[in-house]
Structures are given as C-alpha cells and as structure tokens.
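Novice: For the sequence shown, UniProt numbering gives the first residue as 1, with consecutive numbering after it. By construction, the Cβ of each residue, glycine as well, lies at the ideal position given by its N, Cα and C atoms. Okay, here's the structure, questions in a sec.
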Amino acid sequence: MTSLTESEIQSRVARLAELRAAIATAIVGQHAVVEQLLTGLLAGGHCLLEGVPGLGKTLLVRTLGQALDLTFRRVQFTPDLMPSDLLGTELLEEDHGTGHRHFRFQQGPVFTNLLLADELNRTPPKTQAALLEAMQEHTVSFAGVTHALPTPFFVLATQNPIEQAGTYPLPEAQLDRFLLHIALDYPGEDEERAIIAQTTSSHVAEVPRVMDGEAVLALQALAREVHVGDELLAWVTRLVRATRPGADAPQAVREYVKWGAGPRAGQSLVLASKARALLHGRLAATREDVAALAAPVLRHRLLLSFAAEAEGRRPDDVVAALLRDVPYPGA
C-alpha cells in the first residue's frame, strides 16, 4: 500500500476530522456538501457548486480557505472580465539607473492554491476557457513562456441555476473538467434557525487553520493508494457505459439521455470514491462510496433529451435508475 506505518496513516486521516470540525465552526449543517467538497480536495479535482442565492456557497469556500493554510483568492466573474484579468499580463518596466526597459509578467489571481470562481457562468466563453485550460494543465502560457501554478491548486466555481439572463452556460466539454458537480439545497428548519441565530449575533466565528499545503498533498497521494477491487472497478465501468444511449442501455437512458458520459467520468468516479473512503478512515473503497458519489460525478456529464425536459426529469433521476438497474458483478 504505502511506506507509511499504520499509525502514520491514522494520524493523517485524523487531520481530516479536524478539518471538518474547523469548517463546522462557521458552516451550519450541509454535511453532504462539505463531504463532497473535501472529497474533491483529496481527489485533486475541481468542483462546481450550484445553488440558489443565499445558501452560503461563497461562505463555504471561504471557510475552507481559512481552515487550510493555503493562499486563497476570490474572483467575481462578470461579463467584462478578460482572460488577462484572471491569468495575468506583462508590464513594461524601466530601470531608472540604466534606462533599460524590460517586460515583467504580473501574475493574476489564478496563481493561488484555492481559487473561488464566483458565478463562473457570468463571464464570456474566452475567459471561461482561459480558466478551464489552467485547471487542466496547471500552467499558464503567456508570450511564449509557461508559468507553473502553485500546488495544490483547487478551483471551486459557483453558479446560480435559476437566473439565466445574461449568462454564458458552460459547454459540456468544459463541464467535464470538473470532478464533481455539487448541488446545494435549502437547509432544514432546525439548520435554518441556527443559521439565522448565528449570523445575526455579534459573535464572529474564528476558523482555525488545521492543515497546510504539504499535508494536503500527502493526503492526496494517500488517496490515490486506496484500494479498489476488481468487482467494484467493473461496476464503475458498467455504470458509466450504461449512460450512453443504445439498444442495450437501461430504459431510463434510452428515453431521457441524448449523450452519455465519457471515460473521464469513470476516472472521476474511482478517484472520488477513493477520496471518500479515506475521508471515512478506510483504505479500501466500497459500493457505498460509488453510490454516494455517482450523482455528483455524473449529473453534469449527462445531456438529457427534450423528452426528459418535457417530463421534468433531471440527471439525478437517471443516475438513480442506473444504480438500481445496473447489477453489481456477482450480485
């Protein structure tokens, strides 16, 4: 498995419990969302958070940035945001002693460990593409020079699902770059009461810093070594392949899916399942991990048909049908 001893592994896993507790000092409830966010972090992927205004998307990401001893920046994406505003630009500088002029690359806000891309769908495609290229390559190329981004590099993008006027929806190929699509829903009554009480008092929650960049990278490396059995790998492969319409596809896919998920979905589901297993203190992924993450991994990778829209079907409905209809090997 790894050169680490069992006590060293347990010590690193225990840091994850500390990280959850630190986030809980400022975030009420949203346990599933926090778990998926940390899963994305451990898997080394990027996350897209979607929810109506006022659910605390920005607060959640900011709290994660406070709990991690990493550089954190927030960019509010607007229709006039240019790629250079995000990536950086070259400045002409003059040495007053010699009169010599030279260009110096001024890094943009993307040069950080944790980037909050707020309302990503409000910026034009060229700026979206600039960010998504940096997400994929972990580098920025400018004037023929390649600049490496810091490690770890984690992008959390948010978007509003109900306000589409003046927005630029992300193309399917670019959505595929996100490991997880995390959906935020309204809190329960007790949680909402606690949120109102906490945010209208004079008390300001102080989020402790519990983990630095080296610890995050070590946990990401450990997550890669979590065991995935052959049967579980075969089930993940069948689930992903079953999303593609065809004569042998499940009925829900034939009726409601226009385009299914590609191979990157299988990679993402396995990596995310490994990360979730580690988050729960296990060194082997299980069916429970795959089932819990199937919707966040697949919901943004399925293009539904007009029939699905007419009947009010959502990607999560299709994923639920797949988990029910695609048998586990040997079951």
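Are the beta-carbon atoms belonging to residue 24 and residue 210 less than 7 Å from one another?
Specialist: The answer is no: Cβ separation not under 7 Å.
Novice: Going by C-alpha distance, which of 187, 175, 206 is nearest residue 52?
Specialist: The residue with the shortest Cα to Cα distance from residue 52 is 187.
Novice: Could you tell me if residue 332 is buried or exposed, where buried requires 16 or more neighbouring beta carbons within 10 angstroms of its beta carbon?
Specialist: Outside the displayed range of the chain (1 to 331) lies residue 332, so it cannot be described from this structure.
Novice: Between the alpha carbons of residue 18 and residue 12, how many angstroms are there, rounded?
Specialist: Distance between the alpha carbons of residue 18 and residue 12: 10 Å.
Novice: Report yes or no: do the segment 213-222 and the segment 76-96 share at least 3 C-beta pairs separated by less than 8 Å?
Specialist: They do not touch, by the three-pair rule.
Novice: Assuming residue 147 and residue 103 make a contact with CB atoms under 8 Å, what is their CB distance in whole Å?
Specialist: The pair is not a contact, with the Cβ atoms about 13 Å apart (cut-off 8 Å).
Novice: What residues in its chain sit with their C-beta under 7 Å from that of residue 321, if we drop five residues either side in the sequence?
Specialist: Here the set comprises 250, 252.
Novice: Counting Cβ pairs, one atom from each stretch, are 3 or more of them under 8 Å apart for the segment 294-309 and the segment 258-269?
Specialist: Short answer: they touch.
Novice: Let me confirm a value: residue 49 is counted as buried when at least 16 other C-beta atoms fall within 10 Å, else exposed. Which label applies?
Specialist: Buried is the call here.
Novice: On a CA-only basis, which of 156, 199, 115 is nearest residue 182? Give me that one, please.
Specialist: Of the candidates 156, 199, 115, the one whose C-alpha sits nearest the C-alpha of residue 182 is 156.
Novice: Taking Cβ positions, are residue 256 and residue 318 nearer each other than 7 Å?
Specialist: Result yes, Cβ atoms of residue 256 and residue 318 sit closer than 7 Å.
Novice: Does the segment 189-203 come into contact with the segment 117-134, if we say contact requires no fewer than three beta-carbon pairs (one atom in each stretch) closer than 8 Å?
Specialist: No, the segment 189-203 does not touch the segment 117-134.
Novice: Would you kindly check if the distance between the Cβ of residue 179 and the Cβ of residue 262 is under 7 Å?
Specialist: No. Outside cutoff.
Novice: Under the three-state reduction of DSSP, which class applies to residue 1: helix, strand or coil?
Specialist: Its pLDDT being 46, under 50, residue 1 is placed unreliably in this model, and the value from its coordinates should be taken loosely. Coil.
Novice: Enumerate, from N- to C-terminal direction, the unbroken beta strand (DSSP E) stretches of 3 or more residues contained entirely within the segment 80-167.
Specialist: If we require 3 residues or more, the beta strand (DSSP E) runs fully inside the segment 80-167 come out as 88-94, 101-107, 114-118, 139-142, 145-148, 154-159.
Novice: Let me confirm a value: residue 230 is counted as buried when at least 16 other C-beta atoms fall within 10 Å, else exposed. Which label applies?
Specialist: Burial call: exposed.
Novice: What residue range does the beta strand (DSSP E) around residue 311 cover?
Specialist: No beta strand (DSSP E) holds residue 311; DSSP gives it neither H nor E.
Novice: Would you kindly work out how many angstroms separate the C-alpha atoms of residue 228 and residue 200, rounded to a whole number?
Specialist: Approximately 46 Å between the Cα atoms of the pair.
Novice: Can the beta-carbon of residue 77 be found less than 7 Å from the beta-carbon of residue 123?
Specialist: The answer is yes: Cβ separation under 7 Å.
Novice: Could you give the distance in angstroms between the alpha-carbon of residue 110 and the alpha-carbon of residue 306?
Specialist: Taking the straight line from one Cα to the other gives about 37 Å.
Novice: For a quick check, are the C-beta atoms of residue 278 and residue 218 less than 7 Å apart?
Specialist: No, the pair does not count as a contact, with Cβ atoms beyond the cut-off.
Novice: Excluding the five sequence neighbours on either side, which residues of its own chain have a C-beta within less than 7 Å of the C-beta of residue 89, listed in chain order?
Specialist: Excluding positions up to five away in sequence, the list reads 106.
Novice: On a Cα-Cα basis, can you pick out the residue from 204, 315, 290, 260 that is closest to residue 245?
Specialist: The candidate whose alpha carbon is nearest that of residue 245 is 260.
Novice: Go through its chain and collect everything with a Cβ distance to residue 239's Cβ below 7 Å, but skip five positions before and after it.
Specialist: Cβ within range, chain order: 294, 322, 326.
Novice: Can you say whether residue 1 is buried or exposed, counting buried as having 16 or more other CB atoms within 10 angstroms of its CB?
Specialist: Because the pLDDT at residue 1 is just 46, under 50, the model does not fix this residue reliably, and the point stays unresolved.
Novice: Among 286, 309, 225, 177, whose alpha-carbon lies nearest the alpha-carbon of residue 352?
Specialist: Since the first residue shown for the chain is 1 and the last is 331, residue 352 is missing from the structure and cannot be characterised.
Novice: Kindly identify the DSSP beta-bridge partner or partners of residue 257.
Specialist: Per DSSP, 304.
Novice: Whole angstroms is fine: what's the gap from residue 69's alpha carbon to residue 308's?
Specialist: Spanning the two alpha carbons is a distance of roughly 44 Å.
Novice: Which residue wins for smallest C-alpha separation from residue 7, given the options 313, 300, 328, 281?
Specialist: The candidate whose alpha carbon is nearest that of residue 7 is 281.
Novice: Helix, strand or coil, according to DSSP, for residue 183 in the structure here?
Specialist: Looking at residue 183 - three-state DSSP - the assignment turns out to be strand.
Novice: Using CA atoms only, rank isn't needed, just tell me which of 58, 62, 10 is closest to residue 207.
Specialist: Selected option, being the one with the closest Cα: 62.
Novice: Where do the N-terminal and C-terminal ends of the beta strand (DSSP E) with residue 73 fall, by residue?
Specialist: First-last of the beta strand (DSSP E) with residue 73: 72-76.
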